[in-house]
Amino acid sequence: MAHNVKYEKIQEYRDIMDKLGKAYFVDYSLFEPHWWFLLAATIIPWFVWWKIVDRGRLLEILLYGLLWSCIASLLDEFGAAFGFWEYPKTLIPILHTLISADISVIPVSYMIIYQFFTNNRAFFFANLALAFFFSFIIEPIFMHYDLLRLNIGWSHVTSLIVFSVIGWSIRWLTRVIISKQNK
Numbered sequence: 011m012a013h014n015v016k017y018e019k020i021q022e023y024r025d026i027m028d029k030l031g032k033a034y035f036v037d038y039s040l041f042e043p044h045w046w047f048l049l050a051a052t053i054i055p056w057f058v059w060w061k062i063v064d065r066g067r068l069l070e071i072l073l074y075g076l077l078w079s080c081i082a083s084l085l086d087e088f089g090a091a092f093g094f095w096e097y098p099k100t101l102i103p104i105l106h107t108l109i110s111a112d113i114s115v116i117p118v119s120y121m122i123i124y125q126f127f128t129n130n131r132a133f134f135f136a137n138l139a140l141a142f143f144f145s146f147i148i149e150p151i152f153m154h155y156d157l158l159r160l161n162i163g164w165s166h167v168t169s170l171i172v173f174s175v176i177g178w179s180i181r182w183l184t185r186v187i188i189s190k191q192n193k
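All residue numbers for the sequence shown refer to my numbering, where the first residue is 11 and numbers rise by one.
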């Protein structure tokens, strides 16, 4: 019985936090310039990608991007839940993640390098450059505009390592899946 009481209390606080979060969103995010920026950052990359994607490798490239999107979304939720980072201003009030990055900017950017840098050495350096760009240029800009706050236990160097390792790992997994399909 005590476990149910604890869970009910947690749920009660979650409901309060959800109401406060939605009120904060309406007061400080919805239709503000940063909200329009996040909306555009969610939509525009897909139009750009569609114009340049190699249609002959569409499923392979899309697989790579969808794997990126799934992992980015899960890790973003994990990092926010454990307090490594937070997003004071969001596109959607019910999510505690930066959906624009998770489902658009990050996967589309990585799909582009996956498409154009096919050999191992070229991909290694392109992946590292993109990881550096996200970690040391985009993150500080987002912090400046209060779209992102990094908390204790996370740094731009950690982001660089994570972006790099995930990029290489997803490339490896995608190639394994494609090779199994082609057998």
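C-beta atoms are modelled at their ideal positions from N, C-alpha and C, and glycine is treated no differently.
query: Measuring CB to CB, does residue 98 end up less than 7 Å from residue 156?; result: yes
query: I need the boundaries of the alpha helix (DSSP H) containing residue 75, first residue and last residue.; result: 68 to 91
query: Based on DSSP bridge pairs, tell me the residues matched to residue 160.; result: 95
query: Run through DSSP, which three-state label would residue 103 get?; result: coil
query: So what's residue 181 in DSSP terms, helix, strand or just coil?; result: helix
query: Under three-state DSSP, which class holds residue 19?; result: helix
query: Starting from residue 52, trace the alpha helix (DSSP H) both ways and give me its first and last residue.; result: 43 to 62
query: Does residue 155 come out as helix, strand or coil in the three-state DSSP assignment?; result: coil
query: Any idea what DSSP makes of residue 137, helix, strand or coil?; result: helix
query: Is residue 145 closer than 7 Å to residue 170 when the C-beta atoms are compared?; result: yes
query: Check for me: the alpha helix (DSSP H) holding residue 194 runs from which residue to which?; result: No statement about residue 194 is possible, as the shown extent of the chain runs from 11 to 193 and does not include it.
query: Hey, residue 188 and residue 81: beta-carbon distance below 7 Å or not?; result: no
query: My assumption, with CB atoms under 8 Å, is that residue 96 sits in contact with residue 161. Please give the rounded CB distance.; result: 7 Å
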